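Sequence positions in the sequence shown follow our numbering and run 517 to 1210.
Just so it is clear, CB atoms sit at the ideal spot from N, CA and C, and this is done for glycine as well.
Quantities reported herein were computed from a predicted structural model and do not represent experimental measurements.
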Amino acid sequence: MFPQDYDERVYAGWLGKCIGVRFGAPLEGWWYEKIRDNVGEVLTYLREDGGAIFKPDDDTSLPMILIRAFELFGASADITPQQFGETWLNFLGDEHGTLWWGGYGFSTEHTAYRNLAAGIPAPVSGSIAMNGAAVAEQIGGQIFSDIFGLIAPDNPSLAADLAQKASSVSHDGNGIYGGRFIAAMVSAAFRERDPLALLRAGLRQIPADSEYARVINAMIDYHASHPGDWHAGYAYLRANFGYDRYPGHVHIIPNAGVIALAMLYGGGDFSRTIQIANMAGWDTDCNVGNVGAVMGVALGLDGIAPAWREPINDLLITSGLTGARNIWTIPQCADLFVKIGRALQGQDTPPRPRYHFQYPGSTNNFILAHGEFGRPIHQTQRVFQGEPCLQTSIRKLHTRGEIRIGTRTYYLPSELSSNYYGATFSPLIYGGQTARAVVCIPADTPPTIRAALYVRTQDSRILQADAVDLVPGQWQTLSFTIPPLVNTRIDEVGVTLRKLGDLWETGAFYLKSLDWDGAPDWRTTFANDRAMSGGISQWTRVRGYWRIEDGAYHGSGVGLCESYTGDPNWTDYTLRVQLTPVLGDQHGALVRVGGARRSYAVCLDSGQTIGLYRNTSKPERITSAPFAWTHGHSYTLTITAKGSTLHAEITDGEQTQRLEWTDDDPLLRGQVGLCAWNNSHTRFTAVSVQPVSQ
517 MFPQDYDERV
527 YAGWLGKCIG
537 VRFGAPLEGW
547 WYEKIRDNVG
557 EVLTYLREDG
567 GAIFKPDDDT
577 SLPMILIRAF
587 ELFGASADIT
597 PQQFGETWLN
607 FLGDEHGTLW
617 WGGYGFSTEH
627 TAYRNLAAGI
637 PAPVSGSIAM
647 NGAAVAEQIG
657 GQIFSDIFGL
667 IAPDNPSLAA
677 DLAQKASSVS
687 HDGNGIYGGR
697 FIAAMVSAAF
707 RERDPLALLR
717 AGLRQIPADS
727 EYARVINAMI
737 DYHASHPGDW
747 HAGYAYLRAN
757 FGYDRYPGHV
767 HIIPNAGVIA
777 LAMLYGGGDF
787 SRTIQIANMA
797 GWDTDCNVGN
807 VGAVMGVALG
817 LDGIAPAWRE
827 PINDLLITSG
837 LTGARNIWTI
847 PQCADLFVKI
857 GRALQGQDTP
867 PRPRYHFQYP
877 GSTNNFILAH
887 GEFGRPIHQT
897 QRVFQGEPCL
907 QTSIRKLHTR
917 GEIRIGTRTY
927 YLPSELSSNY
937 YGATFSPLIY
947 GGQTARAVVC
957 IPADTPPTIR
967 AALYVRTQDS
977 RILQADAVDL
987 VPGQWQTLSF
997 TIPPLVNTRI
1007 DEVGVTLRKL
1017 GDLWETGAFY
1027 LKSLDWDGAP
1037 DWRTTFANDR
1047 AMSGGISQWT
1057 RVRGYWRIED
1067 GAYHGSGVGL
1077 CESYTGDPNW
1087 TDYTLRVQLT
1097 PVLGDQHGAL
1107 VRVGGARRSY
1117 AVCLDSGQTI
1127 GLYRNTSKPE
1137 RITSAPFAWT
1147 HGHSYTLTIT
1157 AKGSTLHAEI
1167 TDGEQTQRLE
1177 WTDDDPLLRG
1187 QVGLCAWNNS
1197 HTRFTAVSVQ
1207 PVSQ
């Protein structure tokens, strides 16, 4: 039975996780004395970012990949470690992005990935038998496991079992117990608020004779006899369970002790709990994130002070392989967790718009912009006329003024506070798509307010729909079909407000939702793309050397070298690619890309052929046809994906070859991509994606 406030508590838990990771990140790897002597008592965010967008972190990036296992394989308690391992291979770049790639036999996750890529299946990939205890019992087992408590509310045993299956891809022994422990506490927090009771709920899901249970019980016992001084509790922890007692880079046991310390001495207060976890040091972002998730669920949104929420503005940046899934809002994450959680219990979740405001206090990364004659002064979540929405308070709007209420749909890696996890992005919205927003102004507003949807492109152009008159007191739907775009991307989408007639002195504007759909209509010759984070703007890569060279996009390397862009929810479209084979035997393009191991490809192939491939773990050639091609010659490859049927055409202007195939078990949605397989080098000079009718 789901708690009545399940959705909101999921949001609070993930918000608490994100707050904790951001709060702890600047002090990662420090210990208490170093923090005390160099910073003092840390009570709020440190400004390591200088005002930039907060960087991606593995603590939140990998969970947003692990949850996609339920999208790939179905929401079932019977999901397997092997399926979580396949999710790693599908959504992680090959030894770049998302994780700390610290070396085989040193970084636990790097070791596990290399094992998986070499054909060693989970859970052997993360086992002590394979990797040794020092590697298998590092901290990662617990830091990625909060999500399993969020999708299994008030069911600690299910949450722990799911966490074990996911953790076993890379961890074993105490590394797995940590995952079980954290997931169980998050799950129990839907019913229980008392920190000691939550710790005991976690203990019930791990072996009583384990080292993990020993450190948690030791901290419980110490707190019982010394309840008033967390500093003394930390000294006890460091003396008896410190880093000097355990091998490896970041062992799980000392950090598990910090989690218990913070929860016990935090006294059930969200702020105090995360502050103690941070001051205790060691792996701060991990520990503070874990206790933030537990206490976020336990206390709900009322327990999280606005000062923690406002700097985040509901934005989460991650660093997976899918660039359009590296820009999240925290409500979007919560919606996904809620959907999976309900599906695990056989329930459907009604679809929600990309941006809605049903979670109290949510802002969905919306920002305000104004010109000389328009002054918005505040944004907050409100319920207006019975509808949860975003309220923008207006101080003045003159006849010549303009106010824009928008959200970002693309970031440059240079905008991040740092990017050592290698995030790259693809835009969230494209030319040709239709955006819609539901808006309202109060009944006492002057009747000469006009509104329109807009987008801002990378060259700072504002493209806008025809403005419409807003009827005071009535909800209205704004719509904008974005024109086709060439050599530019969309960086922002939102609503523009203008005033006709006299000054609008004070008032409010309400945004209930924003969403978009439809096939893209977009073309690039890479003229405005630049190198960044091992690839180029707008594109991600799974492996290979991808770069801008002589005005074109080049890909080369060993293995299946691929680069992707677009939205993984695109369905039917036509992809057209201009390419030149430079070296090697396989050069082509991909459609319906759902990760590195889910796609269709059409390639100029060895043996003077064109081949159509289906990839659902490895590419298999489905059909082929003769086509005489040569290195250094330019070809136009067109692939149309419509329903379950693929049409492909390759031409050099003199000869043309076509392929058609209908899949009985089709991949029905996905991004587009480019490929230079198996020691090849390919030059790409133009890419377009358009509706099928074109």
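Short of 7 Å in beta carbon distance, which residues of its chain neighbour residue i, apart from the five on each side in sequence? Order them along the chain.
i, result
"Gly758", "Pro770"
"Leu777", "Met735, Trp746, Gly749, Tyr750, Leu753, Ile792 and Ala796"
"Gly947", "Ile998, Pro999, Pro1000, Leu1001, Pro1036, Asp1037 and Trp1038"
"Asn690", "Glu653, Ser726, Glu727, Tyr728, Ile768 and Ile769"
By the three-class DSSP mapping on this structure, what secondary structure does residue i have?
i, result
"Lys550", "helix"
"Ile790", "helix"
"Met1048", "strand"
"Asp1031", "strand"
"Ile1208", "Note that residue 1208 corresponds to Val in the displayed sequence, not to Ile. In this structure, Val1208 counts as coil in the three-state DSSP scheme."
"Tyr1026", "strand"
"Phe941", "coil"
"Gln1171", "coil"
"Gln1187", "strand"
"Val899", "strand"
"Ser995", "strand"
"Val987", "coil"
"Trp1055", "coil"
"Gly613", "coil"
"Trp1086", "coil"
"Arg1230", "Look at the range of the chain in this structure, 517 to 1210, and you will see that residue 1230 is not part of it."
"Ser1079", "strand"
"His747", "helix"
Would you tell me roughly how many angstroms separate the C-alpha atoms of residue i and residue j, rounded to the nearest one?
i, j, result
"Glu903", "Leu1120", "54 Å"
"Thr800", "Gln654", "14 Å"
"Pro519", "Pro1097", "58 Å"
"Tyr970", "Phe1025", "16 Å"
"Leu979", "Ser995", "13 Å"
"Ile659", "Ala772", "10 Å"
"Ala633", "Trp604", "10 Å"
"Asp851", "Val1208", "31 Å"
"Thr925", "Asn756", "49 Å"
"Ile883", "Ile921", "6 Å"
"Ala650", "Asp1031", "47 Å"
"Leu1099", "Ser1196", "5 Å"
"Met779", "Asp864", "35 Å"
"Leu906", "Ser1029", "9 Å"
Classify residue i: buried if its beta carbon has 16 or more other beta carbons within 10 angstroms, exposed otherwise.
i, result
"Ile893", "exposed"
"Leu559", "exposed"
"Pro579", "buried"
"Gly1159", "exposed"
"Gly718", "buried"
"His1149", "exposed"
"Ala939", "buried"
"Val555", "exposed"
"Lys681", "buried"
Leaving out five residues before and five after residue i in sequence, what residues of the same chain have Cβ atoms less than 8 Å from its Cβ?
i, result
"Leu678", "Ala593, Ile595, Phe664, Ile667, Ala668 and Ala699"
"Gly529", "Asp662, Gly665, Leu666, Val702, Ala705, Ala809, Val810, Gly812 and Val813"
"Arg825", "Leu531, Ile535 and Gly877"
"Leu1019", "Lys912, Leu913, His914 and Thr915"
From the DSSP output, read off the bridge partner residues of residue i.
i, result
"Val1074", "Answer by DSSP bridge pairing: none, since Val1074 is not bridged."
"Gly1127", "Cys1119 and Ser1140"
"His1197", "Ser1072 and Leu1099"
"Pro1135", "Asn1131"
"Leu1091", "Ile1155 and Val1205"
"Glu1165", "Thr1154 and Arg1174"
"Ser909", "His894 and Ala1024"
"Lys1015", "Ile965"
"Glu1008", "Arg924 and Arg972"
Identify, in the order they occur along the chain, each residue of the same chain with its Cβ nearer than 6 Å to the Cβ of residue i, setting aside the five sequence neighbours on each side.
i, result
"Pro639", "Pro597 and Ser684"
"Gly1023", "Ile910 and Thr961"
"Gly1111", "Asn606 and Phe607"
"Gly1186", "Pro1084, Arg1108, Val1109 and Gly1110"
"Thr845", "Asp830, Asn880 and Asn881"
"Gln1173", "Ile1126, Ala1141, Phe1143 and Ile1166"
"Trp1062", "Gly1051, Gly1071 and Ser1079"
"Tyr1129", "Ala1117, Pro1135 and Arg1137"
Does the Cβ of residue i lie closer than 8 Å to at least one heavy atom of the ligand PLP?
i, result
"Val1058", "Among the components of this structure there are no ligands whatsoever, and the ligand PLP is therefore not found."
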